[in-house]
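Final position of the sequence shown in the UniProt record's numbering is 548; the numbers increase by one with none missing.
Notes follow once the structure below has been shown.
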Amino acid sequence: MYTSHSDKRTSRLYEVTEASTNNESAEENQHQRETNFCFRLNARIPARLVLYFLSWSGFLVSFMMRNDINFALVAMVRPTDELNSLSTDDSSSKSFGAAETNETSKQDFFNDENTHISVINSTMNSAGSDGLYDWSPTVKSVVVSSFYWCYVLSQVVGGIATQYFGTKQVFGWSQFATALCSLGIPFAADLHYSAVIILRSVQGFASGLTWPAMYAIVGYWIPLAERSRFMSSFQGFSIGIGLTYPLCGFIIDNFGWRYVFFTTGSLGMFWCVLWYYLAFNTPKEHPRISAQEIEYIEVSVSSEAKEAIGMDVPWKSIFTSLPAYAIGITTFGRIWIHYIFIVCGPNFMKNMLKFNYKANGFLSGMPFICSYISSVLFCYIADKLMLNNWMSLTNVRKLFTALSQVVPGILIYCIGYIDENIVLLLVIWFVAVTFITASYAGAMANIVDIAPNLAGPVLAFCQTIHMSASFLSPLVSGIIVTNESSIEQWRKVFGVSSAIAILTYVVFQIYGTAEIQSWNYPQSRIDGTAEESQILKKRKEHIRKDEM
(Lines of atoms letter the chains of each structure in order from A and count residues from 1; the text may use other names and numbers.)
(Lines give C-alpha, C1' and ligand atoms only; values in the text may rest on other atoms or scores of the structure.)
Protein backbone atom coordinates (compact mmCIF):
# COMPACT_ATOMS: atom_id res chain seq x y z
CA MET A 1 0.00 0.00 0.00
CA TYR A 2 1.31 3.38 -1.00
CA THR A 3 2.06 5.89 1.75
CA SER A 4 2.75 9.50 0.89
CA HIS A 5 5.60 11.55 2.29
CA SER A 6 2.99 13.74 3.96
CA ASP A 7 1.52 10.79 5.84
CA LYS A 8 4.99 9.71 6.97
CA ARG A 9 5.80 13.17 8.26
CA THR A 10 2.46 13.27 10.05
CA SER A 11 3.14 9.88 11.60
CA ARG A 12 6.60 10.91 12.79
CA LEU A 13 5.21 14.18 14.17
CA TYR A 14 2.56 12.24 16.07
CA GLU A 15 5.17 9.91 17.52
CA VAL A 16 7.37 12.83 18.60
CA THR A 17 4.39 14.65 20.08
CA GLU A 18 3.25 11.53 21.93
CA ALA A 19 6.75 10.96 23.29
CA SER A 20 6.97 14.59 24.37
CA THR A 21 3.58 14.32 26.04
CA ASN A 22 4.65 11.15 27.84
CA ASN A 23 7.84 12.85 29.02
CA GLU A 24 5.91 15.87 30.27
CA SER A 25 3.44 13.56 31.99
CA ALA A 26 6.29 11.68 33.64
CA GLU A 27 7.87 14.95 34.76
CA GLU A 28 4.53 16.12 36.16
CA ASN A 29 4.11 12.83 38.01
CA GLN A 30 7.63 13.10 39.38
CA HIS A 31 6.98 16.70 40.45
CA GLN A 32 3.70 15.63 42.03
CA ARG A 33 5.44 12.82 43.94
CA GLU A 34 8.10 15.25 45.15
CA THR A 35 5.43 17.77 46.14
CA ASN A 36 3.43 15.11 47.97
CA PHE A 37 6.59 14.01 49.77
CA CYS A 38 7.24 17.61 50.85
CA PHE A 39 3.68 17.91 52.04
CA ARG A 40 3.93 14.63 53.97
CA LEU A 41 7.20 15.78 55.49
CA ASN A 42 5.72 19.13 56.47
CA ALA A 43 2.65 17.40 57.87
CA ARG A 44 4.88 15.45 60.25
CA ILE A 45 6.31 18.70 61.63
CA PRO A 46 3.64 20.43 63.74
CA ALA A 47 2.84 23.86 62.40
CA ARG A 48 2.89 25.13 65.98
CA LEU A 49 6.53 24.00 66.26
CA VAL A 50 7.39 25.93 63.10
CA LEU A 51 5.64 28.98 64.53
CA TYR A 52 7.63 28.56 67.76
CA PHE A 53 10.89 28.54 65.78
CA LEU A 54 9.85 31.61 63.76
CA SER A 55 8.91 33.48 66.93
CA TRP A 56 12.12 32.48 68.72
CA SER A 57 14.41 33.32 65.81
CA GLY A 58 12.47 36.49 65.03
CA PHE A 59 13.02 37.98 68.47
CA LEU A 60 16.62 36.77 68.45
CA VAL A 61 17.35 38.66 65.23
CA SER A 62 15.28 41.65 66.32
CA PHE A 63 17.31 42.14 69.48
CA MET A 64 20.59 41.65 67.64
CA MET A 65 19.64 44.53 65.34
CA ARG A 66 18.54 46.54 68.37
CA ASN A 67 21.66 46.09 70.51
CA ASP A 68 24.48 45.87 67.96
CA ILE A 69 25.11 49.62 68.08
CA ASN A 70 25.74 49.53 71.84
CA PHE A 71 28.98 47.65 71.23
CA ALA A 72 29.78 49.04 67.77
CA LEU A 73 29.92 52.60 69.11
CA VAL A 74 33.09 51.65 70.98
CA ALA A 75 34.87 51.23 67.65
CA MET A 76 32.96 53.92 65.75
CA VAL A 77 33.74 56.87 68.02
CA ARG A 78 37.15 58.22 69.02
CA PRO A 79 37.80 58.03 72.78
CA THR A 80 37.57 61.44 74.43
CA ASP A 81 40.30 62.89 76.62
CA GLU A 82 37.89 62.60 79.52
CA LEU A 83 37.51 58.85 79.00
CA ASN A 84 41.27 58.41 78.63
CA SER A 85 41.90 60.26 81.87
CA LEU A 86 39.33 58.14 83.66
CA SER A 87 41.01 54.94 82.45
CA THR A 88 44.34 56.05 83.94
CA ASP A 89 42.81 56.98 87.27
CA ASP A 90 41.22 53.61 88.00
CA SER A 91 43.68 52.94 90.79
CA SER A 92 42.29 55.86 92.79
CA SER A 93 38.79 54.43 92.90
CA LYS A 94 37.46 51.65 95.03
CA SER A 95 36.88 48.38 93.21
CA PHE A 96 35.92 44.84 94.11
CA GLY A 97 39.36 43.49 95.00
CA ALA A 98 40.71 44.00 91.50
CA ALA A 99 44.45 43.74 90.99
CA GLU A 100 46.22 46.56 89.16
CA THR A 101 48.03 45.81 85.91
CA ASN A 102 49.67 47.71 83.10
CA GLU A 103 47.16 49.23 80.67
CA THR A 104 48.45 47.34 77.65
CA SER A 105 48.89 43.96 79.29
CA LYS A 106 46.77 41.03 78.22
CA GLN A 107 45.83 38.40 80.77
CA ASP A 108 43.32 35.63 81.18
CA PHE A 109 39.85 36.38 82.52
CA PHE A 110 40.73 34.75 85.81
CA ASN A 111 44.01 35.09 87.73
CA ASP A 112 44.99 31.64 88.99
CA GLU A 113 47.03 33.12 91.83
CA ASN A 114 44.10 35.02 93.31
CA THR A 115 40.51 34.27 94.17
CA HIS A 116 39.23 37.38 92.48
CA ILE A 117 38.95 38.59 88.90
CA SER A 118 42.04 40.46 87.73
CA VAL A 119 42.04 43.74 85.88
CA ILE A 120 42.19 43.49 82.12
CA ASN A 121 42.70 46.79 80.37
CA SER A 122 44.01 45.56 77.05
CA THR A 123 43.96 47.86 74.07
CA MET A 124 42.07 47.05 70.90
CA ASN A 125 44.49 46.70 67.98
CA SER A 126 42.08 45.57 65.30
CA ALA A 127 40.42 46.44 62.05
CA GLY A 128 37.72 48.35 63.85
CA SER A 129 39.57 49.92 66.75
CA ASP A 130 40.27 53.35 65.24
CA GLY A 131 37.23 55.55 65.84
CA LEU A 132 36.21 57.63 62.84
CA TYR A 133 33.77 60.02 64.46
CA ASP A 134 34.20 62.76 67.07
CA TRP A 135 30.85 62.25 68.76
CA SER A 136 30.41 63.49 72.31
CA PRO A 137 29.08 61.22 75.08
CA THR A 138 25.77 63.11 74.84
CA VAL A 139 25.49 62.34 71.13
CA LYS A 140 26.26 58.67 71.76
CA SER A 141 23.57 58.59 74.46
CA VAL A 142 21.02 60.10 72.07
CA VAL A 143 21.96 57.63 69.33
CA VAL A 144 21.33 54.69 71.67
CA SER A 145 18.19 56.05 73.35
CA SER A 146 16.53 57.31 70.14
CA PHE A 147 15.45 53.73 69.47
CA TYR A 148 13.27 53.63 72.59
CA TRP A 149 11.48 56.95 72.10
CA CYS A 150 9.59 55.69 69.06
CA TYR A 151 9.52 52.12 70.39
CA VAL A 152 7.19 53.17 73.20
CA LEU A 153 5.05 55.32 70.91
CA SER A 154 4.42 52.56 68.36
CA GLN A 155 2.96 50.00 70.77
CA VAL A 156 -0.67 51.05 70.34
CA VAL A 157 -0.14 51.42 66.59
CA GLY A 158 1.09 47.83 66.53
CA GLY A 159 -1.97 46.61 68.39
CA ILE A 160 -4.36 48.36 66.02
CA ALA A 161 -2.46 47.34 62.88
CA THR A 162 -2.34 43.69 63.95
CA GLN A 163 -6.06 43.67 64.64
CA TYR A 164 -6.79 44.70 61.04
CA PHE A 165 -3.92 43.26 58.99
CA GLY A 166 -2.83 40.22 61.00
CA THR A 167 0.47 39.17 62.50
CA LYS A 168 2.09 37.97 59.28
CA GLN A 169 1.97 41.37 57.62
CA VAL A 170 2.78 43.50 60.66
CA PHE A 171 5.61 41.39 62.09
CA GLY A 172 7.11 40.68 58.68
CA TRP A 173 7.20 44.27 57.45
CA SER A 174 8.46 45.60 60.78
CA GLN A 175 11.40 43.18 60.70
CA PHE A 176 12.11 44.10 57.08
CA ALA A 177 12.22 47.82 57.94
CA THR A 178 14.49 47.19 60.93
CA ALA A 179 16.90 45.10 58.83
CA LEU A 180 16.96 47.70 56.06
CA CYS A 181 17.88 50.40 58.59
CA SER A 182 20.67 48.21 60.02
CA LEU A 183 22.19 47.87 56.57
CA GLY A 184 22.00 51.64 56.13
CA ILE A 185 23.57 52.73 59.45
CA PRO A 186 27.23 52.54 58.26
CA PHE A 187 26.41 54.85 55.35
CA ALA A 188 24.31 57.17 57.53
CA ALA A 189 27.18 57.50 60.01
CA ASP A 190 29.39 58.88 57.23
CA LEU A 191 26.81 61.59 56.54
CA HIS A 192 26.05 62.82 60.07
CA TYR A 193 25.09 61.41 63.44
CA SER A 194 21.59 62.85 62.98
CA ALA A 195 21.11 60.43 60.07
CA VAL A 196 21.94 57.54 62.41
CA ILE A 197 19.45 58.91 64.95
CA ILE A 198 16.76 58.97 62.26
CA LEU A 199 17.43 55.35 61.27
CA ARG A 200 17.50 54.27 64.92
CA SER A 201 14.16 56.00 65.48
CA VAL A 202 12.67 54.17 62.49
CA GLN A 203 14.06 50.92 63.88
CA GLY A 204 12.47 51.66 67.24
CA PHE A 205 9.08 52.41 65.71
CA ALA A 206 9.18 49.26 63.58
CA SER A 207 10.37 47.06 66.45
CA GLY A 208 7.58 48.39 68.64
CA LEU A 209 5.09 46.69 66.32
CA THR A 210 6.59 43.22 66.79
CA TRP A 211 5.45 42.44 70.33
CA PRO A 212 1.72 43.22 69.86
CA ALA A 213 1.84 41.31 66.58
CA MET A 214 3.26 38.10 68.08
CA TYR A 215 1.00 38.21 71.12
CA ALA A 216 -2.02 38.45 68.84
CA ILE A 217 -1.20 35.25 66.98
CA VAL A 218 -1.01 33.21 70.20
CA GLY A 219 -4.79 33.36 70.65
CA TYR A 220 -5.36 31.70 67.26
CA TRP A 221 -2.66 29.06 67.29
CA ILE A 222 -1.73 28.03 70.81
CA PRO A 223 -4.01 25.99 73.10
CA LEU A 224 -4.36 27.15 76.69
CA ALA A 225 -2.43 24.16 78.02
CA GLU A 226 0.60 25.01 75.84
CA ARG A 227 0.48 28.76 76.20
CA SER A 228 3.19 29.16 78.82
CA ARG A 229 5.62 26.96 76.90
CA PHE A 230 5.03 28.84 73.68
CA MET A 231 5.70 32.12 75.48
CA SER A 232 9.25 30.92 76.05
CA SER A 233 9.81 31.46 72.32
CA PHE A 234 9.72 35.19 73.02
CA GLN A 235 12.86 34.64 75.07
CA GLY A 236 14.74 34.31 71.81
CA PHE A 237 15.61 37.93 72.57
CA SER A 238 17.76 36.71 75.47
CA ILE A 239 19.83 34.62 73.07
CA GLY A 240 19.99 37.64 70.77
CA ILE A 241 21.39 39.84 73.53
CA GLY A 242 23.77 37.14 74.69
CA LEU A 243 25.16 36.55 71.19
CA THR A 244 25.38 40.17 70.12
CA TYR A 245 28.23 41.34 72.36
CA PRO A 246 30.74 38.53 71.74
CA LEU A 247 29.78 38.40 68.04
CA CYS A 248 30.30 42.15 67.67
CA GLY A 249 33.69 41.86 69.35
CA PHE A 250 34.76 39.13 66.92
CA ILE A 251 33.53 41.00 63.84
CA ILE A 252 35.12 44.30 64.88
CA ASP A 253 38.45 42.62 65.62
CA ASN A 254 38.57 40.83 62.27
CA PHE A 255 36.57 42.88 59.77
CA GLY A 256 35.72 46.29 61.24
CA TRP A 257 32.64 47.79 62.86
CA ARG A 258 30.71 48.34 59.59
CA TYR A 259 30.33 44.58 59.15
CA VAL A 260 28.49 44.39 62.47
CA PHE A 261 25.52 46.14 60.87
CA PHE A 262 25.90 44.31 57.56
CA THR A 263 25.79 41.00 59.45
CA THR A 264 22.76 41.73 61.63
CA GLY A 265 20.90 43.39 58.76
CA SER A 266 21.54 40.42 56.47
CA LEU A 267 20.33 38.02 59.15
CA GLY A 268 17.17 40.10 59.43
CA MET A 269 16.57 39.92 55.67
CA PHE A 270 17.10 36.16 55.62
CA TRP A 271 14.62 35.74 58.48
CA CYS A 272 12.03 37.78 56.55
CA VAL A 273 12.21 35.26 53.69
CA LEU A 274 11.55 32.37 56.10
CA TRP A 275 8.69 34.27 57.69
CA TYR A 276 7.08 35.03 54.32
CA TYR A 277 6.94 31.37 53.29
CA LEU A 278 6.29 29.68 56.65
CA ALA A 279 4.10 32.00 58.74
CA PHE A 280 0.30 32.22 58.60
CA ASN A 281 -2.16 34.23 60.67
CA THR A 282 -4.50 31.33 61.50
CA PRO A 283 -4.38 27.52 61.21
CA LYS A 284 -7.03 27.58 58.47
CA GLU A 285 -4.77 29.72 56.27
CA HIS A 286 -1.92 27.21 56.54
CA PRO A 287 -1.67 25.10 53.35
CA ARG A 288 0.38 22.27 54.86
CA ILE A 289 -1.06 21.78 58.34
CA SER A 290 -2.33 18.28 59.09
CA ALA A 291 -6.02 17.61 59.63
CA GLN A 292 -5.24 16.16 63.05
CA GLU A 293 -3.40 19.27 64.20
CA ILE A 294 -6.02 21.71 62.97
CA GLU A 295 -8.72 19.66 64.72
CA TYR A 296 -6.69 19.69 67.93
CA ILE A 297 -6.26 23.46 67.74
CA GLU A 298 -9.96 24.06 67.03
CA VAL A 299 -10.93 21.93 70.01
CA SER A 300 -8.43 23.60 72.32
CA VAL A 301 -8.60 27.27 71.30
CA SER A 302 -11.48 29.66 71.90
CA SER A 303 -14.24 29.23 69.32
CA GLU A 304 -14.52 32.99 68.95
CA ALA A 305 -10.86 33.66 68.20
CA LYS A 306 -11.63 33.52 64.48
CA GLU A 307 -13.86 36.58 64.89
CA ALA A 308 -11.11 38.75 66.36
CA ILE A 309 -9.48 39.93 63.11
CA GLY A 310 -11.27 43.10 62.09
CA MET A 311 -13.32 43.46 65.28
CA ASP A 312 -13.42 46.87 66.92
CA VAL A 313 -10.95 47.29 69.76
CA PRO A 314 -12.74 48.24 73.01
CA TRP A 315 -10.09 50.76 74.06
CA LYS A 316 -12.28 52.27 76.76
CA SER A 317 -12.69 48.86 78.41
CA ILE A 318 -8.96 48.18 78.16
CA PHE A 319 -8.04 51.59 79.59
CA THR A 320 -10.34 51.00 82.57
CA SER A 321 -9.41 47.36 83.21
CA LEU A 322 -7.72 46.73 86.56
CA PRO A 323 -6.20 43.39 85.42
CA ALA A 324 -4.65 45.14 82.40
CA TYR A 325 -3.22 47.90 84.60
CA ALA A 326 -1.93 45.27 87.03
CA ILE A 327 0.03 43.62 84.21
CA GLY A 328 1.39 46.93 82.93
CA ILE A 329 2.47 48.17 86.35
CA THR A 330 4.08 44.96 87.57
CA THR A 331 5.99 44.43 84.32
CA PHE A 332 7.22 48.03 84.62
CA GLY A 333 9.17 46.81 87.65
CA ARG A 334 10.50 43.81 85.74
CA ILE A 335 11.63 45.91 82.79
CA TRP A 336 13.26 48.39 85.18
CA ILE A 337 15.47 45.80 86.83
CA HIS A 338 16.06 43.99 83.52
CA TYR A 339 17.43 47.11 81.82
CA ILE A 340 19.65 47.86 84.79
CA PHE A 341 21.35 44.55 83.96
CA ILE A 342 21.25 45.11 80.17
CA VAL A 343 22.29 48.77 79.90
CA CYS A 344 24.02 49.58 83.19
CA GLY A 345 25.49 46.12 83.80
CA PRO A 346 28.40 46.41 81.34
CA ASN A 347 29.23 49.83 82.79
CA PHE A 348 29.27 48.39 86.31
CA MET A 349 31.52 45.53 85.21
CA LYS A 350 33.91 47.90 83.46
CA ASN A 351 34.29 50.48 86.22
CA MET A 352 33.78 48.42 89.38
CA LEU A 353 34.98 44.96 88.39
CA LYS A 354 37.65 46.30 86.02
CA PHE A 355 36.87 43.99 83.09
CA ASN A 356 38.15 44.71 79.61
CA TYR A 357 35.85 44.68 76.57
CA LYS A 358 36.41 41.00 75.84
CA ALA A 359 35.63 39.84 79.36
CA ASN A 360 32.86 42.40 79.71
CA GLY A 361 31.14 41.27 76.53
CA PHE A 362 31.40 37.61 77.46
CA LEU A 363 30.19 37.98 81.06
CA SER A 364 27.50 40.51 80.14
CA GLY A 365 26.10 38.23 77.45
CA MET A 366 26.27 34.80 79.07
CA PRO A 367 23.51 35.36 81.68
CA PHE A 368 21.05 36.19 78.90
CA ILE A 369 21.87 33.00 77.01
CA CYS A 370 21.32 31.03 80.21
CA SER A 371 18.07 32.90 80.82
CA TYR A 372 16.52 31.36 77.70
CA ILE A 373 17.06 27.89 79.15
CA SER A 374 15.51 28.98 82.43
CA SER A 375 12.51 30.50 80.62
CA VAL A 376 11.76 27.17 78.91
CA LEU A 377 11.98 25.43 82.28
CA PHE A 378 9.74 27.97 84.03
CA CYS A 379 7.12 27.81 81.28
CA TYR A 380 7.13 24.00 81.29
CA ILE A 381 6.63 23.89 85.06
CA ALA A 382 3.82 26.45 84.82
CA ASP A 383 1.92 24.33 82.28
CA LYS A 384 2.34 21.21 84.41
CA LEU A 385 1.08 22.97 87.53
CA MET A 386 -2.04 24.02 85.64
CA LEU A 387 -2.70 20.75 83.78
CA ASN A 388 -2.39 18.66 86.94
CA ASN A 389 -4.71 20.99 88.87
CA TRP A 390 -2.02 21.64 91.47
CA MET A 391 -2.65 25.37 91.24
CA SER A 392 -5.25 27.59 89.60
CA LEU A 393 -4.18 29.51 86.52
CA THR A 394 -4.35 32.80 88.43
CA ASN A 395 -2.09 31.50 91.19
CA VAL A 396 0.36 30.07 88.64
CA ARG A 397 0.68 33.50 87.04
CA LYS A 398 1.19 35.19 90.41
CA LEU A 399 3.78 32.63 91.54
CA PHE A 400 5.99 33.06 88.48
CA THR A 401 5.57 36.83 88.52
CA ALA A 402 6.89 36.79 92.08
CA LEU A 403 9.86 34.68 90.99
CA SER A 404 10.60 37.14 88.19
CA GLN A 405 10.56 40.25 90.38
CA VAL A 406 10.86 39.53 94.08
CA VAL A 407 13.82 37.14 93.76
CA PRO A 408 15.86 39.39 91.39
CA GLY A 409 14.85 42.39 93.51
CA ILE A 410 16.43 40.84 96.59
CA LEU A 411 19.50 39.61 94.72
CA ILE A 412 20.30 42.92 93.01
CA TYR A 413 20.26 44.62 96.40
CA CYS A 414 22.79 42.07 97.69
CA ILE A 415 25.15 42.70 94.76
CA GLY A 416 26.10 46.11 96.12
CA TYR A 417 27.33 44.62 99.40
CA ILE A 418 29.57 41.83 98.12
CA ASP A 419 32.91 43.59 98.25
CA GLU A 420 35.53 40.87 97.97
CA ASN A 421 34.10 37.64 96.59
CA ILE A 422 33.73 38.41 92.89
CA VAL A 423 32.86 34.82 92.00
CA LEU A 424 29.89 34.94 94.39
CA LEU A 425 28.88 38.30 92.94
CA LEU A 426 28.85 36.89 89.40
CA VAL A 427 26.85 33.84 90.52
CA ILE A 428 24.23 36.09 92.09
CA TRP A 429 24.25 38.24 88.95
CA PHE A 430 23.60 35.17 86.76
CA VAL A 431 20.81 33.87 89.01
CA ALA A 432 19.06 37.25 89.12
CA VAL A 433 19.05 37.59 85.33
CA THR A 434 17.80 34.04 84.79
CA PHE A 435 14.92 34.43 87.27
CA ILE A 436 13.67 37.55 85.48
CA THR A 437 12.52 35.30 82.63
CA ALA A 438 9.93 33.62 84.87
CA SER A 439 7.66 36.52 83.92
CA TYR A 440 6.90 34.78 80.63
CA ALA A 441 5.06 32.13 82.63
CA GLY A 442 3.61 34.89 84.82
CA ALA A 443 2.38 38.39 84.02
CA MET A 444 3.48 38.37 80.37
CA ALA A 445 1.52 35.17 79.67
CA ASN A 446 -1.40 36.66 81.60
CA ILE A 447 -2.00 39.09 78.74
CA VAL A 448 -3.28 36.25 76.55
CA ASP A 449 -5.21 34.78 79.50
CA ILE A 450 -7.42 37.81 80.07
CA ALA A 451 -7.97 38.65 76.37
CA PRO A 452 -6.97 35.94 73.87
CA ASN A 453 -8.89 37.69 71.07
CA LEU A 454 -7.35 41.09 71.85
CA ALA A 455 -3.87 40.11 73.00
CA GLY A 456 -2.25 42.53 70.54
CA PRO A 457 -4.07 45.67 71.72
CA VAL A 458 -3.77 44.67 75.39
CA LEU A 459 -0.05 44.08 75.02
CA ALA A 460 0.25 47.45 73.28
CA PHE A 461 -1.40 49.10 76.28
CA CYS A 462 0.79 47.24 78.79
CA GLN A 463 3.96 47.81 76.76
CA THR A 464 3.29 51.54 76.64
CA ILE A 465 3.38 51.50 80.44
CA HIS A 466 6.21 49.11 81.15
CA MET A 467 8.59 49.89 78.28
CA SER A 468 8.94 53.44 79.60
CA ALA A 469 11.17 51.79 82.20
CA SER A 470 13.60 50.86 79.41
CA PHE A 471 14.82 54.45 79.18
CA LEU A 472 13.82 55.68 82.66
CA SER A 473 15.96 53.15 84.55
CA PRO A 474 19.24 54.05 82.75
CA LEU A 475 18.31 57.74 83.07
CA VAL A 476 17.78 57.50 86.83
CA SER A 477 20.94 55.44 87.12
CA GLY A 478 22.87 58.16 85.29
CA ILE A 479 21.52 60.80 87.66
CA ILE A 480 22.47 58.81 90.76
CA VAL A 481 25.86 57.58 89.56
CA THR A 482 27.98 60.67 88.94
CA ASN A 483 31.16 58.76 89.80
CA GLU A 484 31.06 55.38 88.06
CA SER A 485 33.72 53.99 90.40
CA SER A 486 31.73 54.77 93.56
CA ILE A 487 30.24 51.67 95.14
CA GLU A 488 28.07 53.82 97.42
CA GLN A 489 26.31 55.33 94.40
CA TRP A 490 25.86 51.94 92.75
CA ARG A 491 24.27 50.68 95.97
CA LYS A 492 21.66 53.41 95.66
CA VAL A 493 20.90 52.32 92.09
CA PHE A 494 20.51 48.71 93.16
CA GLY A 495 18.39 49.71 96.15
CA VAL A 496 15.99 51.78 94.04
CA SER A 497 15.72 48.97 91.49
CA SER A 498 15.03 46.43 94.21
CA ALA A 499 12.24 48.54 95.71
CA ILE A 500 10.57 49.19 92.35
CA ALA A 501 10.67 45.51 91.32
CA ILE A 502 9.13 44.29 94.58
CA LEU A 503 6.54 47.05 95.08
CA THR A 504 5.17 46.81 91.55
CA TYR A 505 4.69 43.06 92.04
CA VAL A 506 2.35 43.81 94.97
CA VAL A 507 -0.05 45.46 92.51
CA PHE A 508 -0.29 42.26 90.48
CA GLN A 509 -0.72 40.17 93.61
CA ILE A 510 -3.78 42.26 94.53
CA TYR A 511 -5.43 42.91 91.17
CA GLY A 512 -4.04 40.21 88.87
CA THR A 513 -6.37 37.52 87.50
CA ALA A 514 -6.38 34.91 84.73
CA GLU A 515 -10.11 35.20 84.02
CA ILE A 516 -11.09 36.15 80.47
CA GLN A 517 -12.54 39.65 80.53
CA SER A 518 -16.02 40.23 79.14
CA TRP A 519 -14.78 42.83 76.64
CA ASN A 520 -12.63 40.13 74.98
CA TYR A 521 -15.60 39.06 72.84
CA PRO A 522 -17.39 40.76 69.94
CA GLN A 523 -20.53 40.25 72.01
CA SER A 524 -20.34 39.59 75.74
CA ARG A 525 -22.22 36.33 75.91
CA ILE A 526 -19.80 33.83 77.46
CA ASP A 527 -18.36 33.98 80.93
CA GLY A 528 -14.59 34.00 80.70
CA THR A 529 -13.95 31.64 83.59
CA ALA A 530 -16.47 29.14 82.27
CA GLU A 531 -14.95 29.14 78.81
CA GLU A 532 -11.42 28.68 80.11
CA SER A 533 -12.67 25.72 82.15
CA GLN A 534 -14.39 24.21 79.11
CA ILE A 535 -11.28 24.61 76.95
CA LEU A 536 -9.02 23.10 79.60
CA LYS A 537 -11.45 20.21 80.11
CA LYS A 538 -11.46 19.46 76.38
CA ARG A 539 -7.66 19.60 76.34
CA LYS A 540 -7.36 17.10 79.19
CA GLU A 541 -9.84 14.76 77.49
CA HIS A 542 -7.77 15.00 74.31
CA ILE A 543 -4.62 14.06 76.26
CA ARG A 544 -6.36 11.04 77.83
CA LYS A 545 -7.47 9.80 74.38
CA ASP A 546 -3.92 10.11 73.07
CA GLU A 547 -2.58 8.16 76.04
CA MET A 548 -5.14 5.37 75.48
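C-beta: ideal position from N, C-alpha, C; glycine also.
The secondary-structure analysis by DSSP pairs Y277 with nothing; it has no beta-bridge partner.
Taking 8 Å as the cut-off, the Cβ atoms of I327 and I447 count as close. Nearest to I239 by alpha-carbon distance, out of V427, N453, Y52 and S57, is S57. Using a C-beta cut-off of 8 Å, the region 210–223 makes no contact with the region 186–198, since fewer than three inter-stretch Cβ pairs fall below that distance. In terms of CA proximity to F147, S201 leads the group G159, S201, M64 and Q155. Annotation for S233: Y52, S55 and W56 place their beta carbon closer than 6 Å to its own, counting only its chain and skipping 5 residues before and after. Counting C-beta atoms within 10 angstroms of its own C-beta, I415 has 16 or more neighbours from the protein chains shown and is therefore classed as buried. In the DSSP assignment, V77 is bridged to Y133.
Per DSSP, the unbroken alpha helix (DSSP H) holding K316 starts and ends at W315 to F319. Taking a C-beta distance under 8 Å as the contact criterion, Y151 and M444 do not qualify as a contact pair. In this structure V170 is not in contact with Y133, their Cβ atoms being roughly 34 Å apart against a cut-off of 8 Å.
Distance from the Cα of V476 is smallest, within the candidate group T167, V343, S207 and A279, for V343. The continuous alpha helix (DSSP H) containing M444 extends over residues A443 to I450. In this structure, DSSP gives R258 a helical state, which the three-state scheme calls helix.
Look at L209 here: in three-state DSSP terms it is coil, with no helix or strand label. Counting the other CB atoms within 10 Å of its CB gives A291 a total below 16, which places it among the exposed residues.
For T320 against T504, the beta-carbon gap comes to about 20 Å, at or over 8 Å, which does not count as contact.
In this structure, I428 lies away from L403, with their beta-carbon atoms at least 8 Å apart.
Counting only residues of its own chain and dropping the five nearest sequence neighbours on each side, M64 has a CB closer than 6 Å to the CB of G240, T244 and T264.
At the C-beta level, F400 and F430 stay beyond 8 Å of one another. If you ignore the 5 residues before and after A455, its C-beta comes within less than 7 Å of the C-beta of Y215, A216, V218, G219, I447 and V448, all in its own chain and listed in chain order. Between S473 and Y339, the C-beta gap is smaller than 8 Å, which places the two residues in contact. Taking a cut-off of 8 Å on C-beta distances, the region 178–185 touches the region 255–271, as three or more cross pairs fall below it.
Taking every protein chain shown into account, the CB of F368 has 16 or more other CB atoms within 10 angstroms, so this residue is buried.
In this chain, N388 is not harboured by any alpha helix (DSSP H), its DSSP state being neither H nor E. Shown here, Q463 sits in a helix according to DSSP, grouped into three states. Assigned with DSSP and collapsed to three states, L183 falls in helix. Annotation for P474: the continuous alpha helix (DSSP H) segment containing it runs A469 to I480.
Nearest Cα to S439 within the set P212, I251 and F332: F332. Take the alpha-carbon of R227 and the one of D383: they are about 8 Å apart. Between I436 and I373, the CB-CB gap reaches or exceeds 8 Å.
For the pair H286 and Y413, the Cα-to-Cα distance works out to about 49 Å.
Excluding its 5 nearest sequence neighbours in each direction, G409 has C-beta neighbours in its own chain below 7 Å: I337, S498, A501 and I502, listed in chain order. Between the alpha carbons of L387 and V396 lies a gap of roughly 11 Å.
The C-alpha of V273 lies about 18 Å from the C-alpha of L49.
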